[in-house]
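> The sequence shown begins at 580 in our numbering and counts up by one. Sharing a structure with you now.
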Amino acid sequence: MAGCGPGSEPAEGGAPAAARAPAGSGAIFVERARESGLDFRHDHGGRGDYYFPEIMGGGCGLVDVDRDGDLDAYVVQSGPLDPAPAPGARDRLFRNDPVLAADGSREPRFTDVTERAGLVSESVGMGLAAGDYDNDGFIDLYVTSFGPARLLRNRGDGSFEDVTAAAGAADDRWSTSAAFFDYDGDGWLDLFVAHYVDFRVTRNIRCAGPSGRRDYCSPTTYDGLPARLLRNRAGRFEDVSGASGILAEYSSGLGVVTADLDGDGWTDVYVANDQRPNHLWRNRGDGSFENVALLAGTAVDLEGRAQAGMGVDAGDFDGDGDDDLFVTNLGGETNTIYVNRGGGLFDDLTESSGLGPPSLPFTGFGTSFFDYDNDGWLDLFVANGAVYAIEALARAGDPYPYSETNLLFRNTGDGSFADVTAQAGEAFQVRAVARCAAFGDVENDGDVDVLVGSSNGPARLLLNQVGQSRPWIGLRLVGSAGRDMLGARVEVVTSSGAHRWRRAHTDGSYLSANDPRVIVGLGSDAGVERVRVIWPGGRVEEWPGPAVGRYHTLVEGGGHALPGP
580 MAGCGPGSEP
590 AEGGAPAAAR
600 APAGSGAIFV
610 ERARESGLDF
620 RHDHGGRGDY
630 YFPEIMGGGC
640 GLVDVDRDGD
650 LDAYVVQSGP
660 LDPAPAPGAR
670 DRLFRNDPVL
680 AADGSREPRF
690 TDVTERAGLV
700 SESVGMGLAA
710 GDYDNDGFID
720 LYVTSFGPAR
730 LLRNRGDGSF
740 EDVTAAAGAA
750 DDRWSTSAAF
760 FDYDGDGWLD
770 LFVAHYVDFR
780 VTRNIRCAGP
790 SGRRDYCSPT
800 TYDGLPARLL
810 RNRAGRFEDV
820 SGASGILAEY
830 SSGLGVVTAD
840 LDGDGWTDVY
850 VANDQRPNHL
860 WRNRGDGSFE
870 NVALLAGTAV
880 DLEGRAQAGM
890 GVDAGDFDGD
900 GDDDLFVTNL
910 GGETNTIYVN
920 RGGGLFDDLT
930 ESSGLGPPSL
940 PFTGFGTSFF
950 DYDNDGWLDL
960 FVANGAVYAI
970 EALARAGDPY
980 PYSETNLLFR
990 NTGDGSFADV
1000 TAQAGEAFQV
1010 RAVARCAAFG
1020 DVENDGDVDV
1030 LVGSSNGPAR
1040 LLLNQVGQSR
1050 PWIGLRLVGS
1060 AGRDMLGARV
1070 EVVTSSGAHR
1080 WRRAHTDGSY
1090 LSANDPRVIV
1100 GLGSDAGVER
1110 VRVIWPGGRV
1120 EEWPGPAVGR
1130 YHTLVEGGGH
1140 ALPGP
């Protein structure tokens, strides 16, 4: 069809998706990290001094770095803070070269290509952001850290070069989550970087946890830091944090997501702050931002309390055409869902959503709105891991007593969610100190898989076993140069007339980079009537219904032009 490139091919896997196990039979996810060659263990660097960064790290990403159509895995390493990062404590890049299984499906196979990629770590790593900042068609990486952050330019030959200084992206403060997005609509991806607190090894305050024994400090023990906004000027960044207004607010930023939350055509930024009010940076469209979180209803919870915001995502879970917000919080609090009522005004509907009580015992980090069963409604995954010692584990002699299990919620389609963790599979009974959660279709079979990273533990790969049993379409939204158009919004109208809104992005979650492709589950619908894309910059185009059960590449300028929104 017009405007589709080489991506207009059936999902690789041989047998049609409908021939596989139906939804609801057996586990929803299975864990396959070691079997697939994804052998990585995070080192938090702790040696008994309770340095604050030790408990916060564990970033990861699912990124197609070699542009072969298969998602590769990048995992961020930390290591000891004092006296210096340990030799060999480096990030790892695993290239995915799937193999054909006996049932006709493609099983992921990862190879460690860190050495040939030229990756070297000299900081205590935190998180990952992904985006093609130089518009050459290859996805570049930004690695946040406690210490110097790194901008890694993808050379397109399997290797990366550190261009941090040359590109004007140097940053020595404690950076956490970051996001590539085109805030000014000039066709170049800008960069928003969240910073946490002003902790220093030489000023390591001694703190106690709820049990009274020594533990990691609260973020309010240290001064907060401002975020940073870098404007991309044709491949070189300019720090516009002050001029844009971003520098006006100091806080403790952890999760970051970008989306047009008020429907004015400009991409906004939402930041989950730890034990301080969250920020909603409204893009004024003139290069400046204002924090409207309090007026918008997204700064605090329903009771007016600032929560310990960790991970965050934006998505249209209720199907009304605008993006809602979800924030993961500390154990003893609830995770929070803010429902967009239009124009960027939100209601905290955590209580009625069914998401509150199940989250109370857990400290949530990585998360995403994603349709795991392809029924057309966005579900939720939450990666959990405590930040204060769990007394029962400490008493049992656990040397790192912070582990918890993860949560999975199914969207019922009526504004609420059902806790389906018990049906999710054995992988959801495993305890870990989970941090990042990166989302993408690792098997290219039409459903979303999850890469979960842990503090001081192994990476885990959760492969979706049910989503491919329902009809779906996959969309890659790119510009004329081949760059993924992050921030593009897509409306899919199904054969029954249902409208599904999705967004191309790699940000959100916690310390994570996600697959920019969009998967739209069709539920009981047999096909798609049309697809409409609102591109960054405001151009609107439409394509007739694409074939179901495969990926399609939609190129800006290749569809039927429509009046702007």
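C-beta atoms are modelled at their ideal positions from N, C-alpha and C, and glycine is treated no differently.
(1) Per DSSP, which one or two residues make a beta bridge with GLY964?
(2) Could you say which of ASP1063, VAL1071 and SER1103 lies nearest to ASP1086 if we only look at CA atoms?
(3) Identify every run of the alpha helix (DSSP H) within the region 885–972, keeping only runs that are complete inside it and at least 4 residues long; order them along the chain.
(4) If you follow the alpha helix (DSSP H) that LEU873 is in, where does it begin and where does it stop?
(5) Using three-state DSSP, classify ILE825 as helix, strand or coil.
(6) Would ASP952 be called buried (16 or more neighbouring beta carbons within 10 Å of its own) or exposed?
(7) Where in the region 638–709 do unbroken runs of the alpha helix (DSSP H), each at least 4 residues long, occur, reported from the N-terminal end onward?
(8) List the whole-angstrom C-beta distance separating GLU610 from ALA1006, where the pair is believed to meet the contact cut-off of C-beta under 8 Å.
(9) From what residue to what residue does the beta strand (DSSP E) around VAL1029 run?
(10) Just to confirm, does ASN908 get its C-beta within under 7 Å of one of the non-hydrogen atoms of the ligand NAD?
(11) Please report the straight-line C-alpha distance between GLY1032 and ILE607, rounded to a whole angstrom.
(12) Any contact between the region 635–644 and the region 653–662? By contact I mean 3 or more CB pairs, one from each, below 8 Å.
(13) How big is the Cα-Cα spacing for TYR981 and PHE631?
(14) Less than 8 Å separating the beta-carbons of THR1149 and SER754?
(15) Could you check which residue in PHE759, ILE784, ARG782 and ASN783 has the C-alpha nearest to that of ALA773?
(16) When the Cα atoms are used, what is the spatial distance from GLY1143 to TRP1080?
(17) Assuming LEU833 and SER947 make a contact with CB atoms under 8 Å, what is their CB distance in whole Å?
(18) What is the residue span of the beta strand (DSSP E) that GLU817 lies within?
(19) By a C-beta neighbour count over all protein chains shown, 10 Å radius and 16 as the cutoff for buried, is LEU959 buried or exposed?
(20) Would a C-beta distance cut-off of 8 Å place ALA749 and PRO727 closer than the cut-off?
(21) Beta-carbon within less than 6 Å of VAL906's beta-carbon, same chain only, minus the 5 sequence neighbours each way: which residues are those?
(22) Alpha carbon to alpha carbon, what distance is there between ASN870 and ALA1140?
(23) DSSP on GLU633, reduced to helix/strand/coil?
(24) May I have the straight-line CA-CA distance separating GLY844 from VAL1112, to the nearest angstrom?
(25) Quick check on VAL780: buried or exposed, where buried means 16 or more other Cβ atoms within 10 Å of its Cβ?
(26) Apart from the five residues on each side of it in sequence, which residues of its chain come closer than 7 Å, Cβ to Cβ, to ARG669?
(27) Quick one, which of LEU924, PRO940 and ARG695 has its alpha-carbon nearest LEU874's?
(28) May I have a chain-ordered list of the alpha helix (DSSP H) segments no shorter than 4 residues that lie completely inside the region 715–786?
(29) In the DSSP assignment, what residue or residues form a beta bridge with TRP1122?
(30) Please report how far the alpha carbon of ALA885 lies from the alpha carbon of PHE896, in whole angstroms.
(31) Answer with buried or exposed for GLN1044, where buried requires no fewer than 16 other C-beta atoms within 10 angstroms of its C-beta.
(32) Can you give the beta carbon distance from ASP794 to CYS786, rounded, assuming they're within the 8 Å contact cut?
(33) Express the C-alpha separation of ASP977 and ALA971 in angstroms, rounding to a whole number.
(34) Can you have a look at SER702 and say buried or exposed, based on whether 16 or more other CB atoms are within 10 angstroms of its CB?
(35) To the nearest whole angstrom, what separates the beta carbons of LEU720 and SER1091, a pair I think is in contact under 8 Å?
(36) Excluding the 5 residues flanking PRO573 on each side, which residues of the same chain have their C-beta closer than 7 Å to its C-beta?
Well, looking at it:
(1) SER982
(2) ASP1063
(3) 929–932 and 935–938
(4) 872–875
(5) helix
(6) buried
(7) 693–696
(8) 4 Å
(9) 1028–1033
(10) As for the ligand NAD, it is missing from this structure, which has no ligand bound.
(11) 19 Å
(12) yes
(13) 14 Å
(14) The requested residue 1149 is not part of the displayed model; the chain covers only 580 to 1144.
(15) PHE759
(16) 16 Å
(17) Wrong, their Cβ atoms sit about 15 Å apart, outside the cutoff.
(18) 815–818
(19) buried
(20) yes
(21) ALA851, GLY888, VAL891 and THR915
(22) 34 Å
(23) helix
(24) 13 Å
(25) exposed
(26) GLN656, THR693, LEU698, VAL699 and SER700
(27) LEU924
(28) none
(29) VAL1110
(30) 24 Å
(31) buried
(32) 6 Å
(33) 9 Å
(34) buried
(35) About 12 Å separates the two Cβ atoms, so there is no contact after all.
(36) Residue 573 falls outside the range modelled here, since the chain spans only 580 to 1144, and no answer is possible.
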